[in-house]
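**Student:**
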Amino acid sequence: MSNIPQELRYTETHEWIRLEEDGTLTVGITDHAQELLGDIVFVELPEEGEECAAGDDVAVVESVKAASDVYAPVTGEVVAINTKLTDTPELINQDPYGEGWIFRVKPMDPEDYDELMDADAYQELISEE
Amino acid sequence: MPFIPHTEDDIRQMLEAIGVESIEDLFDEIPANLRAGGLANVPEGLNEMAIGRLMRERAAADARTLCFAGAGAYEHHIPAAVWEIATRGEYYSAYTPYQAEASQGTLQLLYEYQTMMARLTGMDVSNASLYDGASALAESVLMAVRANRKSKSRRILLPRTVHPAYRKVTHTLVHQQGITLEELPFDPERGIVDPAALPEAGDVTAVVIPLPNYFGALEEVDALTDWAHAQGALVIAVVNPTALAILKPPGEWGEKGADIVCGDGQPLGVPLSSGGPYFGFLCCRQPFVRQMPGRLIGRTTDLDGKTGYTLTLQAREQHIRRSKATSNICTNQGLLVTAATIYMALMGPEGLRRVAAASHANTRRLVNALEAIDGVHKLFDAPFFHEAAFRFAQPVAGLQEALAAEGIVAGVGLEADYPELGNSLLLCATETKTDADIDQLAGHIRQFGKRSDSTRPSGEFRMA
Chain A
-2 MSNIPQELRY TETHEWIRLE EDGTLTVGIT DHAQELLGDI VFVELPEEGE
48 ECAAGDDVAV VESVKAASDV YAPVTGEVVA INTKLTDTPE LINQDPYGEG
98 WIFRVKPMDP EDYDELMDAD AYQELISEE
Chain B
3 MPFIPHTEDD IRQMLEAIGV ESIEDLFDEI PANLRAGGLA NVPEGLNEMA
53 IGRLMRERAA ADARTLCFAG AGAYEHHIPA AVWEIATRGE YYSAYTPYQA
103 EASQGTLQLL YEYQTMMARL TGMDVSNASL YDGASALAES VLMAVRANRK
153 SKSRRILLPR TVHPAYRKVT HTLVHQQGIT LEELPFDPER GIVDPAALPE
203 AGDVTAVVIP LPNYFGALEE VDALTDWAHA QGALVIAVVN PTALAILKPP
253 GEWGEKGADI VCGDGQPLGV PLSSGGPYFG FLCCRQPFVR QMPGRLIGRT
303 TDLDGKTGYT LTLQAREQHI RRSKATSNIC TNQGLLVTAA TIYMALMGPE
353 GLRRVAAASH ANTRRLVNAL EAIDGVHKLF DAPFFHEAAF RFAQPVAGLQ
403 EALAAEGIVA GVGLEADYPE LGNSLLLCAT ETKTDADIDQ LAGHIRQFGK
453 RSDSTRPSGE FRMA
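Residue numbers (our numbering), protein chains in the order written: chain A, -2 to 126; chain B, 3 to 466.
1. Of the residues A:Pro2, A:Asp92, A:Arg101, which one's Cα is nearest the Cα of glutamate 74 of chain A?
2. Rounded to the nearest angstrom, what separates leucine 175 of chain B and serine -1 of chain A at their Cα positions?
3. If you measure from the beta carbon of methionine 3 of chain B to each beta carbon in chain A, is any gap under 8 Å?
4. Quick check on DSSP: helix, strand or coil for aspartate 150 of chain A?
5. Along chain B, which residues have their Cβ under 8 Å away from the Cβ of glutamate 48 of chain A?
6. Compute the beta-carbon to beta-carbon distance between asparagine 334 of chain B and arginine 297 of chain B, rounded to the nearest angstrom, for a pair I have assumed lies under 8 Å.
7. Keeping to the same chain, check which residues put their C-beta closer than 8 Å to that of leucine 16 of chain A; ignore five residues upstream and five downstream.
8. Please say whether serine 142 of chain B and arginine 171 of chain B have beta carbons closer to each other than 8 Å?
9. What does the Cβ neighbour count give for threonine 303 of chain B, buried or exposed, with the cut at 16 atoms within 10 Å?
10. Less than 6 Å between C-beta atoms, sequence neighbours within five positions excluded: which residues of the same chain meet that for aspartate 126 of chain B?
11. Give a yes or no on contact between the segment 26 to 46 of chain A and the segment 63 to 79 of chain A, applying the rule of three or more CB pairs nearer than 8 Å.
12. For leucine 354 of chain B, which option in B:Ser325, B:Asp306, B:His78 has the closest C-alpha, if you only look at C-alpha atoms?
13. Whole angstroms is fine: what's the gap from glycine 307 of chain B's alpha carbon to asparagine 129 of chain B's?
14. Who are the near neighbours of glutamine 120 of chain A in its chain, counting only those whose CB is closer than 8 Å to its CB and skipping five residues on each side?
15. Taking the C-alpha atoms as reference points, what is the distance between proline 161 of chain B and glycine 21 of chain B?
16. Which residues share a DSSP beta bridge with phenylalanine 392 of chain B?
17. Keeping to the same chain, check which residues put their C-beta closer than 7 Å to that of proline 107 of chain A; ignore five residues upstream and five downstream.
18. Of the residues that make up the segment 51 to 66 of chain A, which ones have a beta carbon closer than 7 Å to any beta carbon in chain B?
19. Do you know offhand how far proline 197 of chain B's Cα is from aspartate 224 of chain B's?
20. Buried or exposed, going by whether 16 or more other CB atoms sit within 10 Å of the CB of lysine 326 of chain B?
21. Sorted by chain position, which residues of the same chain lie with C-beta nearer than 6 Å to phenylalanine 39 of chain A's C-beta, five sequence neighbours on each side aside?
22. List, in chain order, every chain A residue whose beta-carbon is nearer than 7 Å to that of isoleucine 322 of chain B.
23. Quick one: is glutamate 45 of chain A near chain B, going by C-beta distance under 8 Å?
24. Along the chain, where does the alpha helix (DSSP H) that runs through threonine 302 of chain B open and close?
25. Does the beta-carbon distance from tyrosine 311 of chain B to isoleucine 299 of chain B come in below 8 Å?
26. Along chain A, which residues have their Cβ under 8 Å away from the Cβ of arginine 491 of chain B?
27. Does the segment 148 to 157 of chain B come within contact of the segment 110 to 121 of chain B, defined as at least 3 CB pairs closer than 8 Å?
28. Can you find a CB in chain B that lies within less than 8 Å of the CB of phenylalanine 39 of chain A?
29. To be precise: take each residue of the segment 98 to 127 of chain B, compare its Cβ to all Cβ atoms of chain A, and keep it if any distance is under 7 Å. Which residues remain?
30. With distances taken Cα to Cα, identify the nearest neighbour of glycine 234 of chain B among B:Tyr280, B:Asp261, B:His446, B:Tyr216.
31. Determine the chain A residues that contact alanine 317 of chain B at a beta-carbon separation under 9 Å, and present them in chain order.
32. Note the first and the last residue of the continuous alpha helix (DSSP H) segment covering arginine 14 of chain B.
33. Which ranges would you report for the beta strand (DSSP E) in the segment 248 to 307 of chain B if only whole runs of at least 3 residues count?
34. Interface residues of chain A around arginine 366 of chain B at Cβ under 9 Å?
35. Using beta carbons (cut-off 8 Å, strictly below), is arginine 297 of chain B in contact with chain A?
36. List the DSSP bridge partners of proline 212 of chain B.
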């Protein structure tokens, strides 16, 4: 069974989102997604300061068997990227909800966060797959 | 895959099951204005006997000529062993195999090819080839736009000294993608881009630098490279591989070197054969490898620790990345690359240097011989490699026709692509030309000039 932390929000495209104290949102891919992808060998990160709209592909996670886009969960601006992934992309496999975070986005409308799926809904989504 | 034939009856039954009248009906959702229709310039088919005769006649016409044309395709001596080996059954295929890893010999050959090209260009990585030099430049431009994420303009500076056909092909392949190609003019005295006259550029994504350029002249690559990098642009070198045997590799141009290097591989063991097939090469620095199109072969070790070869970084390619692949190119010019690899292995760095040096020396003789003729002037004074442009006193079409009657291909006219360069020809002499060949060319040009002088009207009163 995949680990789906209760305190996070989720998307249908298997990103997780954490609301930080300063109102920014940290984004990564779920434990379920990293399991499906297998060994991750490369991450293409967005640029800091890049504007994104909800649903834009902003990063790419490449494993030995596939390359998968990572989508912005909300409209906003990329304010931080996890540069550790450049040299150690396997952090996404090892610690998807911690050291394996991918980017942080400052939402244009803070209420967008509330629209995202909660853990139970995501659990239901992946059990249907 | 088994061969499954269809009878007329099978086809009719399938059409009935689908509910259409004819196979043509399956395509009727494509609007008529998007259909290609007939191809006006393709002649009617010929039977085997007739096509055999036509091809023999054309081959015989090619073999008789003394060729001083270059302009992107160069006649070099090809050691007999090259095509003897390349056409062995084990190698004789145009494709990377579908079950690639089952063909270790082919993969090893491609790996050796990549190693040789990376060394020749001074780059970290080479792909397993592209279609030709022109499409390699177009792919390089697309690659630079993906790789230079700091630049938002999608503007490419493309000197007018780049091969006109390469510029046209690049335009065709990139102009629908919001990429602008902006021409850089050349200095009419020198025949190269003047680094001192470069404009205030603003945001530029990449600058293309040819070496040698279309006129055979050597651009000031160090100054151009440093200028491009100072604008935040990537540098795309488009080069002749033979020239790199004696010139500084693009990886060492300027302070930081070129970023992407491409060109046509034809000079490396591929015969002229009426214009193709040739192959394109594409090399780059390590950080850009994920933006590179085409196949890449890597060396690895298997479970038993033995060396093996494998396709690598396939996540860039269309069978995995689908619509976001770096390119829709899925195969390469395997057979031509096989010949080129054998050619380079036979020649070695020293052999290739001698080919390049002899070609340059012969072109120097050609320049001296032609400049000694009344009414013939070398167009540009920049240093050249194995090709140079000349202006003649008479229209060059007549000159080319007269020399063709003597079995000589007297270069390539420039006026069609450069209207300001009327009565001009681009001429090339590789290592295959002897002093006698050059004397023969010069002799015929001199005679043609005298004949034209004697038939020219002697006064200007006719104008009135």
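Don't be surprised by glycine CBs; every beta carbon is placed ideally from N, CA and C. Keep in mind that this is a model prediction, so the values were computed, not measured.
**Tutor:** Let me spell this out:
1. Here residue 74 of chain A is taken as the residue at index 77 of the first sequence, counted from 1. Minimum Cα distance to glutamate 74 of chain A is reached at A:Arg101.
2. Here residue 175 of chain B refers to the residue found at position 173 of the second sequence. Here residue -1 of chain A refers to the residue found at position 2 of the first sequence. Roughly 45 Å between the two C-alpha positions.
3. The sequence position of residue 3 of chain B within the second sequence is 1, counting from 1. Low local confidence applies: a pLDDT of 49 at methionine 3 of chain B is under 50, so the model's placement there is unreliable, with the coordinate-based value given in what follows. With a threshold of 8 Å between beta carbons, methionine 3 of chain B makes no contact with chain A.
4. A query on residue 150 of chain A cannot be resolved here, the shown segment of chain A reaching from -2 to 126 and no further.
5. On the first sequence, residue 48 of chain A is found 51 positions in, with the first residue counted as 1. Under the 8 Å cutoff, chain B gives no residues; its nearest Cβ is about 11 Å from glutamate 48 of chain A.
6. Stepping through the second sequence from its first residue, residue 334 of chain B is reached at position 332. Stepping through the second sequence from its first residue, residue 297 of chain B is reached at position 295. That belief holds up - the Cβ atoms of asparagine 334 of chain B and arginine 297 of chain B are roughly 6 Å apart, short of 8 Å.
7. Reading the first sequence from its first residue, position 19 is the one you call residue 16 of chain A. Cβ within range, chain order: Arg6, Leu22, Tyr110.
8. Residue mapping note: residue 171 of chain B aligns to position 169 of the second sequence, counting from 1. Residue mapping note: residue 142 of chain B aligns to position 140 of the second sequence, counting from 1. The amino acid at residue 171 of chain B is misidentified as arginine; the sequence shows valine. No, the Cβ-Cβ distance between valine 171 of chain B and serine 142 of chain B is not below 8 Å.
9. If you number the second sequence from 1, residue 303 of chain B lands on position 301. Exposed.
10. The residue labelled residue 126 of chain B in the question sits at position 124 within the second sequence. Excluding sequence neighbours, aspartate 126 of chain B sits near Arg287, Gln288.
11. At 8 Å Cβ cutoff, the stretches touch.
12. Residue 354 of chain B sits at position 352 when you count from the first residue of the second sequence. Of the candidates B:Ser325, B:Asp306, B:His78, the one whose C-alpha sits nearest the C-alpha of leucine 354 of chain B is B:His78.
13. Along the second sequence, one-based indexing puts residue 307 of chain B at 305. Along the second sequence, one-based indexing puts residue 129 of chain B at 127. Distance between the alpha carbons of glycine 307 of chain B and asparagine 129 of chain B: 25 Å.
14. Residue mapping note: residue 120 of chain A aligns to position 123 of the first sequence, counting from 1. Answer for glutamine 120 of chain A: Ile1, listed in chain order.
15. Start at 1 with the first residue of the second sequence, and residue 161 of chain B comes out as number 159. Start at 1 with the first residue of the second sequence, and residue 21 of chain B comes out as number 19. Cα-Cα distance, rounded: 56 Å.
16. Counting from one through the second sequence, the residue named residue 392 of chain B turns up at place 390. Looking at the DSSP output, phenylalanine 392 of chain B sits in a beta bridge with B:Lys380, B:Leu427.
17. Locating residue 107 of chain A in the first sequence gives position 110, counting from the first residue. Once the five neighbours on either side are set aside, the close Cβ partners of proline 107 of chain A are Gly20.
18. Answer in chain order: Glu59, Ala63, Ala64.
19. Here residue 197 of chain B is taken as the residue at index 195 of the second sequence, counted from 1. Here residue 224 of chain B is taken as the residue at index 222 of the second sequence, counted from 1. The straight-line gap separating the alpha-carbon atoms of proline 197 of chain B and aspartate 224 of chain B is approximately 10 Å.
20. One-based indexing of the second sequence puts residue 326 of chain B at position 324. Counting Cβ neighbours within 10 Å, lysine 326 of chain B comes out exposed, since fewer than 16 surround it.
21. The residue labelled residue 39 of chain A in the question sits at position 42 within the first sequence. Residues of the same chain with a CB within less than 6 Å of the CB of phenylalanine 39 of chain A, apart from the 5 flanking positions on each side, are Glu59, Pro86 in chain order.
22. Taking the first residue of the second sequence as position 1, residue 322 of chain B is located at position 320. Annotation: Cβ neighbours of isoleucine 322 of chain B in chain A (cutoff 7 Å, chain order): Ala63, Ala64.
23. Counting from 1 along the first sequence, the entry for residue 45 of chain A is found at position 48. No, no contact with chain B.
24. For the purposes of this step, residue 302 of chain B is taken as residue 300 along the second sequence, with counting starting at 1. Here threonine 302 of chain B belongs to no alpha helix (DSSP H); instead the beta strand (DSSP E) covers 299 to 303.
25. As a working note, residue 311 of chain B is residue 309 in the second sequence. As a working note, residue 299 of chain B is residue 297 in the second sequence. In contact: tyrosine 311 of chain B and isoleucine 299 of chain B (Cβ atoms closer than 8 Å).
26. Here chain B has residues from 3 to 466 only, and residue 491 of chain B is not among them.
27. In this structure the segment 148 to 157 of chain B does not lie against the segment 110 to 121 of chain B, because fewer than three pairs of beta carbons, one per stretch, are closer than 8 Å.
28. For this step, residue 39 of chain A is matched to residue 42 along the first sequence. Contact with chain B is found for phenylalanine 39 of chain A, since one of that chain's Cβ atoms lies less than 8 Å from the residue's Cβ.
29. Those residues of the segment 98 to 127 of chain B placed with their C-beta closer than 7 Å to a C-beta in chain A do not exist.
30. Looking up residue 234 of chain B in the second sequence gives position 232. For glycine 234 of chain B, the closest alpha carbon among the candidates B:Tyr280, B:Asp261, B:His446, B:Tyr216 is that of B:Asp261.
31. Residue 317 of chain B sits at position 315 when you count from the first residue of the second sequence. Going along chain A in sequence order, the residues near alanine 317 of chain B (Cβ under 9 Å) are Val38, Phe39, Val57, Glu59, Ser60, Val61, Lys62, Ala63, Ala64.
32. As a first step, residue 14 of chain B must be located in the second sequence, where it is residue number 12. According to the DSSP assignment, arginine 14 of chain B belongs to the alpha helix (DSSP H) that extends over 10 to 20.
33. DSSP runs (the beta strand (DSSP E)) wholly in the segment 248 to 307 of chain B: 262 to 266, 282 to 286, 299 to 303.
34. Locating residue 366 of chain B in the second sequence gives position 364, where the first residue counts as 1. One finds nothing in chain A with a Cβ atom closer than 9 Å to the Cβ of arginine 366 of chain B; even the nearest lies about 49 Å away.
35. Position 295 of the second sequence, counting from 1, holds the residue named residue 297 of chain B. Not a single C-beta of chain A is nearer than 8 Å to the C-beta of arginine 297 of chain B.
36. Here residue 212 of chain B refers to the residue found at position 210 of the second sequence. Among the bridge pairs identified by DSSP, proline 212 of chain B is matched with B:Val240.
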